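Enquirer: Numbered according to the working numbering, the sequence shown spans residues 842 to 1486.
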Amino acid sequence: MSQEPLRILVVGNGGREHAFAWKLSQSPRVDVVYVAPGNGGTGRGASSKITNVNIKGNDYAGLVDFSQKNGVNLVVPGPEAPLVDGIQSYFQAVGIKCFGPSKAAARMEGSKTYSKDFMKRHNIPTAVYENFYEYEPARKYLDSVDHNVVIKADGLAGGKGVIIPESKEEAHQALREMMCDHQFGDAGNEVVIEEYLEGDELSILTFSDGYTIRSLPPAQDHKRIYDGDQGPNTGGMGCYAPTRIASKEVLEEIDRIIVQPTIDGMRKDGVPFVGILFTGLMMTKNGPRVLEYNVRGGDPETQTLLPLLSDDTDLAQVMIACAEHWLDGVEIKVKPDFSTTVIAVAGGYPNSYAKGRSITLDAEPEGTLIFHAGTTLVGNDLQTSGGRVIAATATASTLEEAVRKSYVGISTIHFEDMFYRKDIAHRAFRQMEASASQQSLTYASAGVSIDAGNDLVNKIKASVARTKRPGTDAVIGGFGGLFSLGAANYHPHSPTLIGAIDGVGTKLKIAHAAALHDTVGIDLVAMNVNDLVVQGAEPLFFLDCYSCGKLDVSTASAFVTGVAEGCVQAGCALIGGETAEMPGLFVNDSYDAVGAAIGAINTAGDNARTILPNTSAMKEGDVLLALGSSGPHSNGYSLIRKIVE
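1) With DSSP as the reference, please indicate the residues paired to Ile1442 in a beta bridge.
2) Just to confirm before moving on: does the CB-CB distance between Gly1077 and Pro1141 stay below 8 Å?
3) Considering only the beta carbon of each residue, do Val935 and Gly898 sit closer than 8 Å?
4) Work out the CA separation of Asn1135 and Pro1102 for me, nearest whole Å.
5) Considering only their Cβ atoms, is the gap separating Val916 from Leu850 smaller than 8 Å?
6) By how many angstroms is the C-alpha of His1353 removed from the C-alpha of Asn1429?
7) Are at least three pairs of beta-carbons, each pair with one atom in the region 971 to 985 and one in the region 1141 to 1160, less than 8 Å apart?
8) Look at Gln1224 and Ala860 and say whether their C-beta atoms are less than 8 Å apart.
9) Taking buried to mean at least 16 other C-beta atoms within 10 Å of its own C-beta, is Ala1287 buried or exposed?
10) Closest to Glu1301 by C-alpha separation, out of Ile1363, Pro1380, Val1394 and Ala1214, would be which residue?
11) Measuring CA to CA, which of Leu1466, Lys1109, Ala1164 and Leu1057 is closest to Lys1176?
12) Count the C-beta pairs between the region 1180 to 1191 and the region 1232 to 1239 that are closer than 8 Å, then say yes if the count reaches three, no if not.
13) Determine the burial state of Glu1257: buried for a count of at least 16 other Cβ atoms within 10 Å of its Cβ, exposed for fewer.
14) Could you tell me if Ser889 is buried or exposed, where buried requires 16 or more neighbouring beta carbons within 10 angstroms of its beta carbon?
15) Helix, strand or coil for Asn972 per DSSP?
16) When the Cα atoms are used, what is the spatial distance from Thr1253 to Asp1433?
17) Just the Cα atoms here: how many angstroms apart are Lys1263 and Gly1111?
18) Start and end of the beta strand (DSSP E) containing Ser1388?
19) Run through the DSSP bridge pairs and tell me what Val991 is partnered with.
20) Could you tell me the distance, in whole angstroms, from the CA atom of Leu1412 to the CA atom of Pro1380?
21) Would you verify that the beta carbon of Thr1444 is, or is not, closer than 8 Å to some beta carbon of chain D?
22) On the three-state DSSP scale, how would you describe Thr818?
23) When burial is assigned at 16 or more other CB atoms within 10 Å of the CB, is Gln1071 buried or exposed?
24) At what residue ranges does the region 1067 to 1110 contain a whole run of the alpha helix (DSSP H), taking only runs of 4 or more?
25) In whole angstroms, give me the CA-to-CA distance for Ser1247 and Thr1209.
26) Count the C-beta pairs between the region 1400 to 1419 and the region 1352 to 1366 that are closer than 8 Å, then say yes if the count reaches three, no if not.
27) Leaving aside the five residues before and after Gly1321 along the sequence, list all residues of the same chain whose C-beta is less than 8 Å from its C-beta, in chain order.
28) With distances taken between CB atoms, is the gap from Phe1400 to Ala1438 smaller than 8 Å?
29) In the DSSP output, which residue or residues are listed as bridge partners for Thr1047?
30) Can you tell me which of the three DSSP states Val873 falls into?
31) Between the region 1018 to 1027 and the region 989 to 1002, can you find at least three pairs of beta-carbon atoms closer than 8 Å?
32) Between Glu1018 and Asn989, what straight-line distance do the alpha-carbon atoms span, to the nearest angstrom?
33) Give the straight-line distance between the Cα atoms of Pro918 and Gly941, rounded to the nearest whole angstrom.
34) Taking its Cβ as the centre, do 16 or more other Cβ atoms sit within 10 Å of His1255, making it buried, or is it exposed?
35) Does the Cβ of Ser1008 lie closer than 7 Å to at least one heavy atom of the ligand PLP?
36) Since Gly1051 and Arg1108 are thought to touch, with beta carbons under 8 Å apart, how far apart are those beta carbons, to the nearest angstrom?
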């Protein structure tokens, strides 16, 4: 158990490697952390201990030569490619410790067919699967299965080799592109086709010395490019930890039936694992199932989890303990906090994107860390050099605060076409809401009556149905209103839709005083459809929002009856609405109302009309007609109230 000063070489240039260098530099045992080739963050002097080395991450002979000449005594490969290539053996041959698995052990990530067969051999729970080495048997297998599938390229594909098709046609297309068109090169020569598993994903990162395991808190990555988990897969758009998907008991079970048997199985197979084992899991209704193994820290999981290590947990000592096989003598302590990472990417990622965009960084907010990935220094100019460019990580005592702080951090980063997801940790908040709904607190106990809302719908259905017109049935109760332009006799390519949104204003106070609420509904329609008519548009449909402190069915029913009457007068349909009961916002029986109207005007074809006002046709000598109002409108009532009061 040597206590010699450490001179460490981190291999890689991503956000994970920046996070490794940041945490390793805090160790009192560490003299210097070299990063090869590093990025703009590791090269900007974030720590006096960290310095970049201009050697490519796959120049293994060059890395060994540099290490020998500079007294490096611990190497930390970050990405999967060097590990799969066997970087560990290069340094082992010259007596330099490497925190990472051998080439043989790295097959757990380098070959998905190998890892799936390993799981089957060692009874580790995973999805039902078949491996294929030729296209035709794989095609026939796709035709034979009656469940949804996931298609995986066998080799490394930059995090994009897992396809989740939504139909048989998409599955066949993905298989052809992978095996016949060589979309992922040689990585797709063999494929795994496995059953699609439903549930929530989580990631477990585990330190191991080949015998002992020390798992970090569970994390959840966000792979899809767009909010709501939409769009193509990426290397990861953000992450949070710990996730509450799994209880303490379930996490202990995962270690017992999955992680420890994996480490033991690899050792029994003659390929002991040293380093960080990443286990990707799906929490199904039948228990945890392994989706994949990675033989290195995840990105962005590493950036998210390392800040949760306690101040007295020495990452350098943990890595040395793994490499020297005495991890059982090390305690890894974790702060009782939450951590969130939000990644900013180049516009166009994960497809083609521009490089060389200048990056400006405001002052780093307190409690926030900025980890660089696809950045480089050109002189003193920090520029983009990759798809995933830079990330903000924040920790806090609550997940909500960690998320808020990470987005404050991301707001300090600026470059052209920068993009990031706005919903990192959205699944955690969904689970928190679901958990809260299962407790004794109910909508009714919070002052919101679902029964009253249903009663209201039943009372106003007939009024709403009166607004039926070509294009809609004016049926309420769904999540949104539908309007068919074709059924309304509009050519699908010609009409221009026009929308307006407005409220009634302080006339509501008079409505309360007079206990007269139906005319307020008529006025709400008028305030909106007038804005359409004056532009030459025909009002088509209307939606309203009624917000109150406590739902009074008779008041709300009278209001919506008035809205329906206004729609009848305007010739538009009332196709939907929202009733929001918010006792914490509105006092007693007060309410507010907002409406939105959509209209259309033909702007092409034989019956084309010009949207008004047609200012280009106006000229001196035109006659201006003044039309008298039928009575005070919303602003007029504000004036009347001021006079009377």
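The beta carbon of each residue, even a glycine, is placed where N, CA and C say it ideally should be.
None of these values were measured; they are calculated from a predicted model.
Expert: Reading off the structure:
1) Ile1442 pairs with Thr1337.
2) Yes.
3) Cβ distance not < 8 Å, so Val935 and Gly898 don't count as in contact.
4) Distance from the CA of Pro1102 to the CA of Asn1135, rounded to the nearest whole angstrom, comes to 16 Å.
5) The Cβ-Cβ distance between Leu850 and Val916 falls below 8 Å.
6) Approximately 12 Å, taken between the alpha carbons.
7) Contact between the region 971 to 985 and the region 1141 to 1160 is absent, because fewer than three Cβ pairs lie under 8 Å.
8) Gln1224 is not a Cβ neighbour of Ala860, given a cutoff of 8 Å.
9) Any reading at Ala1287 is ruled out, since the residue's pLDDT is 42, under 50, leaving its predicted position unreliable.
10) The displayed chain sequence assigns Ile, not Glu, to residue 1301. Nearest C-alpha to Ile1301: Val1394.
11) For the residues Leu1466, Lys1109, Ala1164 and Leu1057, the minimum Cα distance to Lys1176 belongs to Leu1057.
12) With a cut-off of 8 Å, the region 1232 to 1239 and the region 1180 to 1191 count as touching, because enough Cβ pairs lie within range.
13) Residue environment for Glu1257: exposed (fewer than 16 other C-beta atoms within 10 angstroms of its C-beta).
14) Under a 10 Å Cβ-count criterion, Ser889 is classified as exposed, with fewer than 16 other Cβ atoms of the shown protein chains found around its own Cβ.
15) The DSSP-derived three-state label of Asn972 is strand.
16) Taken atom to atom, the span from the alpha-carbon of Thr1253 to that of Asp1433 is near 37 Å.
17) About 45 Å.
18) For Ser1388, the uninterrupted beta strand (DSSP E) segment begins and ends at Glu1379 to Cys1389.
19) Beta-bridge pairing links Val991 to Glu1035.
20) Note that residue 1412 is Gly in the sequence shown, not Leu. Spanning the two alpha carbons is a distance of roughly 7 Å.
21) Protein chain content of the structure displayed is limited to a single chain, and chain D is not contained in it.
22) Nothing about residue 818 can be reported from this structure: the residues present for the chain run from 842 to 1486 only.
23) So Gln1071 counts as exposed.
24) Secondary structure remark: continuous alpha helix (DSSP H) runs of at least 4 residues inside the region 1067 to 1110, in chain order: 1089 to 1095 and 1101 to 1109.
25) For Ser1247 and Thr1209, the distance between alpha carbons rounds to 7 Å.
26) Counting C-beta pairs closer than 8 Å gives three or more between the region 1400 to 1419 and the region 1352 to 1366, which meets the contact rule.
27) Below a pLDDT of 50, predicted positions are generally treated as unreliable, and Gly1321, at 41, falls in that range; the measurement from the model is reported next regardless. Contacts found: Gly1417.
28) No. Outside cutoff.
29) Answer by DSSP bridge pairing, in chain order: Ser1056 and Leu1118.
30) In the three-state DSSP reduction, Val873 falls in the strand class (E or B).
31) Contact holds between the region 989 to 1002 and the region 1018 to 1027, because three or more Cβ pairs, one in each stretch, are under 8 Å apart.
32) For Glu1018 and Asn989, the distance between alpha carbons rounds to 19 Å.
33) Roughly 7 Å separates the two Cα atoms.
34) His1255 comes out exposed.
35) With respect to small molecules bound, the structure shown includes none, and the ligand PLP cannot be examined in it.
36) Contact between Gly1051 and Arg1108 holds, with the beta-carbon distance rounding to 6 Å and staying under 8 Å.
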